[in-house]
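Engineer:
There are 2 protein chains.
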Amino acid sequence: MSALDAAAAAAPVLAAQPPRERASWLVAAAGALLVAADDLVPLAVEETGLTEPRLRGEIKRTAVQLKLFAEVAAAGEFLDVRLDAADPDFVLGPRPDLRRYLVPLGPVLNFAASNFPFAFSVAGGDTASALAAGCPVVVKAHPGHPRLSDRTAEVLNTALPAGALGVIHGQDEGVAALQDERITAAAFTGSLAGGQALAAIAAARPRPIPFYGELGSLNPVVVTPEALTERAAAIASGFAASVSGSAGQLCTKPGLLFVPSGPAFPASFDAVGPHKLLHPGIVDGYTRRRSEVLGTPGVTVLVEGAVTDDGATPTLVETDLATLLEHRDTLLQEAFGPLSIVVRYTPGEPLGAVLAEVVEGSLTAGVHVAAGEDSPWLHSLVTSLQTLAGRVLFNGWPTGVAVTPAMQHGGPFPAATNPTTTSVGTAAITRFLRPVVYQDAPAALLPEPLRDDNPWHVPQHRSPAGESPSWGSLAG
Amino acid sequence: MSALDAAAAAAPVLAAQPPRERASWLVAAAGALLVAADDLVPLAVEETGLTEPRLRGEIKRTAVQLKLFAEVAAAGEFLDVRLDAADPDFVLGPRPDLRRYLVPLGPVLNFAASNFPFAFSVAGGDTASALAAGCPVVVKAHPGHPRLSDRTAEVLNTALPAGALGVIHGQDEGVAALQDERITAAAFTGSLAGGQALAAIAAARPRPIPFYGELGSLNPVVVTPEALTERAAAIASGFAASVSGSAGQLCTKPGLLFVPSGPAFPASFDAVGPHKLLHPGIVDGYTRRRSEVLGTPGVTVLVEGAVTDDGATPTLVETDLATLLEHRDTLLQEAFGPLSIVVRYTPGEPLGAVLAEVVEGSLTAGVHVAAGEDSPWLHSLVTSLQTLAGRVLFNGWPTGVAVTPAMQHGGPFPAATNPTTTSVGTAAITRFLRPVVYQDAPAALLPEPLRDDNPWHVPQHRSPAGESPSWGSLAG
Chain A
1 MSALDAAAAA
11 APVLAAQPPR
21 ERASWLVAAA
31 GALLVAADDL
41 VPLAVEETGL
51 TEPRLRGEIK
61 RTAVQLKLFA
71 EVAAAGEFLD
81 VRLDAADPDF
91 VLGPRPDLRR
101 YLVPLGPVLN
111 FAASNFPFAF
121 SVAGGDTASA
131 LAAGCPVVVK
141 AHPGHPRLSD
151 RTAEVLNTAL
161 PAGALGVIHG
171 QDEGVAALQD
181 ERITAAAFTG
191 SLAGGQALAA
201 IAAARPRPIP
211 FYGELGSLNP
221 VVVTPEALTE
231 RAAAIASGFA
241 ASVSGSAGQL
251 CTKPGLLFVP
261 SGPAFPASFD
271 AVGPHKLLHP
281 GIVDGYTRRR
291 SEVLGTPGVT
301 VLVEGAVTDD
311 GATPTLVETD
321 LATLLEHRDT
331 LLQEAFGPLS
341 IVVRYTPGEP
351 LGAVLAEVVE
361 GSLTAGVHVA
371 AGEDSPWLHS
381 LVTSLQTLAG
391 RVLFNGWPTG
401 VAVTPAMQHG
411 GPFPAATNPT
421 TTSVGTAAIT
431 RFLRPVVYQD
441 APAALLPEPL
451 RDDNPWHVPQ
461 HRSPAGESPS
471 WGSLAG
Chain B
477 MSALDAAAAA
487 APVLAAQPPR
497 ERASWLVAAA
507 GALLVAADDL
517 VPLAVEETGL
527 TEPRLRGEIK
537 RTAVQLKLFA
547 EVAAAGEFLD
557 VRLDAADPDF
567 VLGPRPDLRR
577 YLVPLGPVLN
587 FAASNFPFAF
597 SVAGGDTASA
607 LAAGCPVVVK
617 AHPGHPRLSD
627 RTAEVLNTAL
637 PAGALGVIHG
647 QDEGVAALQD
657 ERITAAAFTG
667 SLAGGQALAA
677 IAAARPRPIP
687 FYGELGSLNP
697 VVVTPEALTE
707 RAAAIASGFA
717 ASVSGSAGQL
727 CTKPGLLFVP
737 SGPAFPASFD
747 AVGPHKLLHP
757 GIVDGYTRRR
767 SEVLGTPGVT
777 VLVEGAVTDD
787 GATPTLVETD
797 LATLLEHRDT
807 LLQEAFGPLS
817 IVVRYTPGEP
827 LGAVLAEVVE
837 GSLTAGVHVA
847 AGEDSPWLHS
857 LVTSLQTLAG
867 RVLFNGWPTG
877 VAVTPAMQHG
887 GPFPAATNPT
897 TTSVGTAAIT
907 RFLRPVVYQD
917 APAALLPEPL
927 RDDNPWHVPQ
937 HRSPAGESPS
947 WGSLAG
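Chains as they are written, first to last, in the numbering used here: chain A, 1 to 476; chain B, 477 to 952.
1) Name the chain A residues that come within less than 8 Å of residue 686 of chain B, Cβ to Cβ?
2) Around the C-beta of residue 712 of chain B, are 16 or more other C-beta atoms found within 10 angstroms, so that it is buried, or is it exposed?
3) Considering only DSSP beta bridges, list what residue 340 of chain A is partnered with.
4) From B/873, B/587, B/603, pick the residue whose C-alpha is nearest to that of residue 718 of chain B; which is it?
5) Assuming residue 386 of chain A and residue 579 of chain B make a contact with CB atoms under 8 Å, what is their CB distance in whole Å?
6) Chain A partners of residue 839 of chain B, CB-CB under 7 Å?
7) Pull up the distance between the alpha-carbon of residue 71 of chain A and that of residue 910 of chain B, whole angstroms please.
8) DSSP puts residue 869 of chain B in a beta bridge; with which residues?
9) Which residues of chain B have a Cβ atom closer than 7 Å to the Cβ of residue 41 of chain A, listed in chain order?
10) Spell out whether any CB of chain A is found under 8 Å from the CB atom of residue 804 of chain B.
11) Give the DSSP bridge partners of residue 166 of chain A, in chain order.
12) Could you tell me whether the Cβ of residue 951 of chain B comes closer than 8 Å to any Cβ of chain A?
13) Considering only DSSP beta bridges, list what residue 308 of chain A is partnered with.
14) If you measure beta-carbon to beta-carbon, which residues of the stretch 849-877 of chain B are closer than 9 Å to chain A?
15) Which residues in chain A sit within 8 Å of residue 882 of chain B, going by Cβ to Cβ distance?
16) Have a look at B/924, B/750, B/600, B/887 and flag the residue whose alpha-carbon is nearest the alpha-carbon of residue 436 of chain A.
17) Is it a yes or a no for the stretch 145-152 of chain A touching the stretch 108-120 of chain A, going by three-plus beta-carbon pairs under 8 Å?
18) Using the three-state DSSP reduction, which class does residue 894 of chain B fall into: helix, strand or coil?
19) So what's residue 461 of chain A in DSSP terms, helix, strand or just coil?
20) Compare the C-alpha of residue 725 of chain B against each of B/665, B/683, B/699 and name the closest.
21) Under 9 Å, CB to CB, which of the residues in the stretch 667-682 of chain B have a partner in chain A?
22) In terms of alpha-carbon separation, which member of B/559, B/544, B/485 lies closest to residue 498 of chain B?
23) On a Cα-Cα basis, can you pick out the residue from A/286, A/314, A/318 that is closest to residue 301 of chain A?
24) Would you tell me roughly how many angstroms separate the C-alpha atoms of residue 867 of chain B and residue 837 of chain B, rounded to the nearest one?
25) Please list, in chain order, the residues of the stretch 114-125 of chain A that have any C-beta partner in chain B closer than 8 Å.
26) For residue 300 of chain A, which of helix, strand or coil comes out of DSSP?
27) 8 Å is my cut-off, CB to CB: does residue 640 of chain B come that close to chain A?
28) Along chain A, which residues have their Cβ under 7 Å away from the Cβ of residue 540 of chain B?
29) Taking all protein chains shown into account, decide if residue 255 of chain A is buried (16 or more other Cβ within 10 angstroms of its Cβ) or exposed.
30) Can you grab the Cα-Cα spacing for the pair residue 258 of chain A / residue 221 of chain A, in whole Å?
31) Could you say which of B/649, B/688, B/647, B/668 lies nearest to residue 660 of chain B if we only look at CA atoms?
32) Give me the chain B residues within the contact set of residue 403 of chain A, using Cβ-Cβ distance strictly less than 7 Å, ordered along the chain.
33) Please work out which residues of its chain come closer than 8 Å, Cβ to Cβ, to residue 203 of chain A, disregarding the five sequence neighbours upstream and downstream, and give them in chain order.
34) Which stretch, first to last residue, makes up the beta strand (DSSP E) that contains residue 10 of chain A?
35) Any chance the stretch 761-772 of chain B sits against the stretch 603-610 of chain B, with 3 or more Cβ pairs inside 8 Å?
36) Helix, strand or coil for residue 48 of chain A per DSSP?
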């Protein structure tokens, strides 16, 4: 049976399971993943060139993520159960008994990323949230780690129900699956060009489906004059670590650092050695982008770096705001690798408005401030950063994304093709659910979460009859 | 200033307002609408041909809807504020302070419908929910009621902030607005062809935006053998009222009634006189669809009806399940007008599975059951109806949609282009919001809803540090 056949057959089975049952096998799958770490991590090192410590951390994070989504499933709040009691005296006329909850969309297609072979791949976030929602998942494996993808699925499938997780390989197979009418939603983490092509295919289906793409991000960070005075060296070293970690192959790598004009920025990349890039496509793309940036008039080199057979070492350049705006078509494009641009600005100029105008939607935007710093300029900057990003962070670096209820990983296009959801954090479960309401249903025919005796013990939010609207108090 | 210029200028102003302030002007706008009813309703009668009682009810419903969304705004729960405390001992490593809420997307383009000149037009649901979310709205007026559209906007604008609501006219102007980069989301209620064309334009933008289309629905209703035995006459008269109300020009009109084979179905349309259709385009489309249905082999006429200069009288035909399947390309298309198809089925056959297979996504699906009726066949039917619809209703008729917290108006394509949201009911506000998280922000730089002193008095959901994950109890 093909992965799609199996997923289609599993969909009604998973949908009918109490969320606590889903939670049990998600926890078991997380356990199986950790038990297999000594088998999987060396394979990941071999296929991706990422370091063993990084991959050990990532597999643990991935297992914990599965468990967090198990918790979300078991808690049942994600079902968003709303029970409106029948009300013959409702302000709009008699109101029926209405009981609403969220149901799984059905089989989900997940295009895996190259740069997180665990956390954004077969066992990654979109898989965890879709399974927790009750959707079978078909993963289109990334060609950068095909054997790891198959092996990961084998490990997880020792714990998962039949058909809940399948893996397919190949670009044509991925496109065919995206066009298959049994697929009800798709998620993608990868390049702008690839994501736009897949989004267009999803939109052109006879029956279009939700497509959640994360396509790239510049992640601008602003350093205020006061912050630079307070702690230039600490900022420079934190920046260097964030740009060079995993050879800059992170969607949250800071690609732009805005520093007030003045003394030389103390770039501190000396200790960073070469790091392998993930696959030849990234070597090509990064080499080309790096050459474009280095060849742009008005750009000076702070740290030249290189791309060799041993891998890449970081490249840091500097320019000013006027040059950035003049050459925005070149300089305001993501370089997926260890390159970043220091942009000098004049204190007091309306930097926030300029960034909101010219920087495309970004996963993150950051600002470094001095202790107790506050000013209208700073407030305006923060408001502008919010308009262009899904995460606004202070006195830190965007790489490293916590998996928590409040996390938001997404943003205006192209950070995300749909800015209303997240791909990291437990709120991601809503991507793969749709609301259904039951009207005047006899008790015996209600789904479990909507019944008054609440056999699944899920939270139920009730709007009783006779609640008197309070809008009179809002007038004036 | 153009409507788009004004909306773009208003966006940051509205976004910065406390939701209670938005609520105040929404309530004032609702009041202005009711005060102007004697002015607006005659204009609506003249332009649409709908009856005065229907339109008096609709304008009241529309005003109440604005007030309900004012309540939703004032309550602040829609902001979905999540505060994760910093936690140095978090299971995945040190967790930063994360504070998430939902912010307005920005200017929203709303394509008005013809059939609800108040409730799905300038002052309608998508306008109310977008304004409550803090988004300025540009309405592309429906050509069926252009003067009413302008006049409604004038009335509302006596109460709304500058730029919060504008109206544009013309198909080319609508498309140009949909392509304008300042528009951040669009909503549409109308035909399948029109909605698909607009959805494609939204998807093909350099920066795609969320597009919420409601494109059509067959709204199948099943009568069980026991229900028919219990109350055939009552079912027949309720069905007649639901098919013929507003000349069937409702997205929730029951287009298919599945009745067990047996004695003649007691069709009771005798008392229904002619009712004007909304505009010439609907006359043409309905006349063509009616001819196609009447000309299909295996279809017999129960009530012939007609389309004349006085309007339309209902047409009811009968066929069997085999004929429906054989001619699905003709019979399983929406007829926007007072036509419905009675389909005879053989008791015991797997009707639910057949419907889930052949009926496209639908706003509603209904079933009439006898008191206390219960069987595996019935459970299977209900499960199937859930897979194809956003609302599953019992012993009632789909026309008439309550505006409540639990209502769901949407469903799998083509009922909706995006099945994860609703266009009716207070949950609709989420269409026009996106999440933003603040990480480690100094208190002085936090937006009001995220501050510990909570100056807007909105609900805040906290995840304290040191919460011990409970997934150990989920294992096994």
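Idealized CB from N, CA, C, for every residue including glycine.
Structural biologist: Based on what the coordinates show:
1) 418, 419, 420
2) buried
3) A/316
4) It is B/873 whose Cα lies nearest to the Cα of residue 718 of chain B.
5) So it is a contact: roughly 7 Å between Cβ atoms.
6) Ordered by position in chain A, no residue passes the 7 Å Cβ test against residue 839 of chain B, which lies about 11 Å from the chain.
7) 24 Å
8) A/439, B/842
9) Here the premise fails: no neighbours, minimum Cβ distance about 17 Å.
10) no
11) A/138
12) Caution is warranted here: a pLDDT of 39 is assigned to residue 951 of chain B, below 50, making its placement in the model unreliable, and no coordinate value can be reported.
13) A/311
14) 849, 850, 854, 855, 858, 859, 862, 863, 865, 866, 867, 868, 869, 870, 871, 872, 874, 876
15) 82, 83, 84, 98, 99, 100, 437, 463
16) B/887
17) yes
18) DSSP places residue 894 of chain B outside both helix and strand once states are collapsed to three, so it counts as coil.
19) strand
20) B/665
21) 672, 675, 676, 678, 679, 680, 681, 682
22) Nearest option by C-alpha distance: B/544.
23) Minimum Cα distance to residue 301 of chain A is reached at A/318.
24) 11 Å
25) none
26) strand
27) no
28) 91, 92
29) buried
30) Spanning the two alpha carbons is a distance of roughly 6 Å.
31) B/688
32) 568
33) 211
34) Where residue 10 of chain A is concerned, there is no enclosing beta strand (DSSP E), although the alpha helix (DSSP H) it sits in stretches over 3-16.
35) No contact exists between the stretch 761-772 of chain B and the stretch 603-610 of chain B.
36) helix
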